[in-house]
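Here the structure comes first, spelled out in structure tokens, and everything after it is commentary.
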Amino acid sequence: MTGRPYSIVFDGWSNDSTHFLGMFVSLPNVCKGGGEPSMWLLALAPMLDETSFDVATHYEFILETLN
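Read in the working numbering, the sequence shown has 1332 at position 3, and its numbers run on one by one without any break.
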């Protein structure tokens, strides 16, 4: 993705007592003059620490998941 703009998109939800986080990368569609951005799923997993949902917990999840 060198030299191309991109966005990281997060989506979180709970099922019963398990909280999940999805991470996606979104790239602008440069083919055919634009249009909808292309999006790919990077990770989908339950949170590592389900006792806290603060920024630090999400940050740790992101680092551990992408590592």
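The beta-carbon is built from N, C-alpha and C at its ideal position, and this holds for glycine as well.
Backbone secondary structure at residue i - three-state DSSP
| i | result |
| --- | --- |
| F1349 | strand |
| F1382 | coil |
| L1377 | coil |
| F1390 | helix |
Best match in the options for proximity to residue i [C-alpha to C-alpha]
| i | options | result |
| --- | --- | --- |
| N1344 | A1374, N1396, L1392 and L1370 | A1374 |
| F1339 | T1380, N1358 and F1349 | F1349 |
| E1393 | T1380, M1376 and P1357 | M1376 |
| F1382 | G1332, S1336, M1368 and W1342 | W1342 |
| T1347 | E1389, T1380 and A1385 | T1380 |
For residue i: DSSP bridge partner residues
| i | result |
| --- | --- |
| L1395 | Answer is none; L1395 lacks a bridge partner. |
| L1356 | S1367 |
| G1332 | Paired residue(s): none; G1332 is not in a bridge. |
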